[in-house]
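In what follows, a single structure is set out as structure tokens and then discussed.
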Amino acid sequence: MTAERASDTWDAWDLDRTYAGPTGTVRWAALGPADGPPVVLVHGTPFSSYVWRGIARSLAGGGHRVYVWDLPGYGASEMRAGQDVSLAAQGRVLAGLLDHWGLERPAVVAHDFGGCVALRAHLLHGARYGRLALVDPVALAPWGSPSYRLLGENADVFAQLPPALHRAMIREYVASTSPRGLHPAVLDRLVEPWCTEEGQAAFYRQIAQNDQRFTDEIQGRYGELDLPVLICWGTEDPWIPVAKAEELADLVPGAELRLIEGAGHLVQEDAPAELAGALTRFLRG
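Quick note on numbering: the sequence shown equals residues 89 to 373 in our numbering.
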């Protein structure tokens, strides 16, 4: 079976519910027993909730009620011209989703930009968590790889790329997250949402709207975090250096730091068993 055909059936992932958020319709799903302790998973960029599929199923199998969702402008959620997909907007969306789900103090697990989203929702919008796990999060200045900054500064130009060149660029960009190499079908699945006409525009829109000020606004408040916090980091992360893990842990009172050897930025793909184990132990308290 070719990689293209495999990507059609590889590890099916369906978000079967919707939430009418302030910046667009959000697709979401819940796994596990309805009365299980709630866990909310938050993805980053340029990904979707698909990166959480293995972790979500593992936690659900362990008795948790697991909520997964695609941020507005990402994955299966609404993408449209003029949409506010900034980190500021996403923090408000997460706070609204928790109200929509009726969750008062869920555990939250957040990756990449999702870390900033979860932190903003908690520190700025009153979202209350029982526990918070951050996986290779965007949380500290300076951030943004040279490639990311180049794309953001020239979003209007890159948005005009012919579709084939855009697809090739996206594949190389996403593939660079993993020193071990992503499975071809997984790479296909992560790239595909950005390769429609609306997806290509959405990819450059989210990059153009995000900048360091969204973490600058909250970085000085990490000492206020008064809940159990776990920080997981791939030691071979090529996007956010592992040195940021120690820096962040020093700013968060009582934070537990777990380095995952050999994993890159997408720890969920490079070391799913190690990450699932670390999260399971943390969520058990």
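Glycine residues also receive a C-beta, built at the ideal position from the N, C-alpha and C atoms. Computed from a predicted model, the values in this text were never measured in an experiment.
Sort the options by Cα distance to residue i and report the nearest one.
i    : options                   : result
R193 : E312, I348, G287 and R216 : R216
T448 : G151, P125, D224 and P110 : Outside the displayed range of the chain (89 to 373) lies residue 448, so it cannot be described from this structure.
A117 : P110, Y138 and P134       : Y138
E349 : Q307, T111, D325 and R369 : D325
L119 : W140, P125, T106 and R145 : R145
D99  : H188, L318 and L278       : L278
V154 : W140, R259 and S165       : W140
L318 : G109, Y107, Q171 and R219 : R219
A108 : D299, E166 and G149       : E166
H397 : Q297, L222, A209 and D314 : The requested residue 397 does not occur in the structure, where the chain is confined to residues 89 to 373.
S264 : R180, E357 and V114       : E357
R255 : W231, S233, C283 and V245 : C283
G308 : V197, P341 and R369       : P341
V226 : R259, A333, I143 and L191 : A333
L175 : A148, H213 and G150       : H213
L367 : V196, L336, I258 and P281 : V196
D276 : E286, E285, Y261 and A364 : Y261
W189 : A122, V355 and P234       : A122
G149 : G373, F246 and A364       : A364
A209 : A169, A183, E286 and A359 : A183
F201 : R168, F246 and P134       : P134
C320 : R301, E286 and P360       : P360
W404 : Q248, A169, S235 and G142 : With the chain running from 89 to 373 in the structure shown, residue 404 is simply not present.
D314 : A343, S136 and E286       : A343
A132 : F370, R372, V355 and R369 : As written in the sequence, residue 132 is Gly, which differs from the Ala given in the question. When only C-alpha atoms are compared, the closest one is V355.
A169 : E286, A243, F370 and R301 : E286
Taking the alpha helix (DSSP H) that residue i falls in, what are its first and last residues?
i    : result
P381 : Since the first residue shown for the chain is 89 and the last is 373, residue 381 is missing from the structure and cannot be characterised.
T368 : P360 to R372
E334 : A331 to L339
P251 : P251 to A263
A183 : L175 to W189
H210 : F201 to H213
Could you tell me which residues DSSP pairs with residue i in its beta bridges?
i    : result
R346 : C320
T113 : A108
R219 : A195
L119 : V154
Indicate whether residue i and residue j have their beta-carbon atoms separated by less than 8 Å.
i    : j    : result
V130 : Q294 : no
L345 : V330 : no
L159 : Q178 : yes
G203 : G161 : no
W157 : L186 : no
P250 : Q288 : no
A229 : T303 : yes
V114 : V205 : no
L147 : V127 : yes
P316 : G163 : no
E335 : L211 : no
Going along the chain, which residues of its own chain have a beta-carbon closer than 6 Å to the beta-carbon of residue i, five neighbours each way excluded?
i    : result
L207 : I306
P125 : H152
P267 : E324 and G352
L339 : Y310
M89  : At M89, the pLDDT of 28 sits below 50, so the modelled position is not reliable; the number obtained from the coordinates is stated separately. None.
G142 : P360
In the DSSP assignment, find the unbroken beta strand (DSSP E) run with residue i in it and report its ends.
i    : result
A296 : Unbroken run through A296 is the alpha helix (DSSP H), E285 to Q297; no beta strand (DSSP E).
Y155 : R153 to W157
Among the residues of its own chain, which have a CB less than 8 Å from the CB of residue i, if the five just before and after it don't count?
i    : result
G240 : G232, I295, A296, N298 and D299
F105 : It is Arg, not Phe, that sits at residue 105 in the sequence shown. Contacts found: R115, W116, A117 and A118.
I54  : With the chain covering 89 to 373 only, the question about residue 54 has no answer from this structure.
Counting only the same chain and skipping the five closest in sequence on each side, list residues whose C-beta sits under 7 Å from that of residue i.
i    : result
F246 : L239 and Y292
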